[in-house]
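A quick write-up on the structure given underneath.
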Amino acid sequence: MSEVDKMISQLNEMMSQSKDSAESLVLADAINMIGTQAQTIKKHESAIQLSDERIETLQILKDGYYSAMAAWRTSKETGISITEALARSHRGIQASSAQA
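FYI, the numbering for the sequence shown is 924 to 1023, going by our numbering.
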């Protein structure tokens, strides 16, 4: 049982003890407000998670772009293929014109 559910249960208990009183009405409003806020928080959590996933995807794309550009420059400088330059960079091998 989540903390929100526990809180709502406690408020419901208190409300049932003092039916038809002003306190009961305040508790009913509190229960509604807690439920609304819990739903809002869940929506924001989902939005934040989606944003985090988008940011992670963009970082991966950026890293891939920089790797491809570095491989292209290495290819132009050394005469090896872009594919070979990428493979060497992923293996941590420096590509020099002497190796080409």
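Note that beta-carbon positions come from the ideal geometry of N, C-alpha and C, so glycine has one too.
Excluding the 5 residues flanking Met937 on each side, which residues of the same chain have their C-beta closer than 7 angstroms to its C-beta?
As a working mapping, residue 937 is identified with position 14 in the sequence shown. Only Leu950 meet the Cβ criterion.
With distances taken from CA atoms, which of Ala1010, Lys929, Asp943 and Ile931 is nearest Gly987?
As a first step, residue 987 must be located in the sequence shown, where it is residue number 64. Closest option to Gly987, Cα to Cα, is Ala1010.
If we count the other Cβ atoms within 10 Å of its Cβ and call it buried at 16 or more, is Thr980 buried or exposed?
Mapped onto the sequence shown, residue 980 falls at position 57. Exposed, because fewer than 16 other Cβ atoms sit within 10 Å of the Cβ of Thr980.
Which residues bound the alpha helix (DSSP H) around Ile1016?
Indexing the sequence shown from 1 puts residue 1016 at position 93. Unbroken run through Ile1016: none, as it is neither H nor E.
Does Asp943 come out as helix, strand or coil in the three-state DSSP assignment?
Position 20 of the sequence shown holds residue 943. Of the three classes helix, strand and coil, the one that applies to Asp943 here is coil, per DSSP.
Rounded to the nearest angstrom, what separates Gly958 and Ile983 at their Cα positions?
Sequence index remark: in the sequence shown, residue 958 carries index 35 (1-based). Sequence index remark: in the sequence shown, residue 983 carries index 60 (1-based). For Gly958 and Ile983, the distance between alpha carbons rounds to 38 angstroms.
Buried or exposed, going by whether 16 or more other CB atoms sit within 10 Å of the CB of Thr997?
The residue you call residue 997 lines up with position 74 of the sequence shown. Buried.
Helix, strand or coil: which one does DSSP assign to Gly987?
By one-based count along the sequence shown, residue 987 stands at place 64. DSSP places Gly987 in helix when its eight states are reduced to three.
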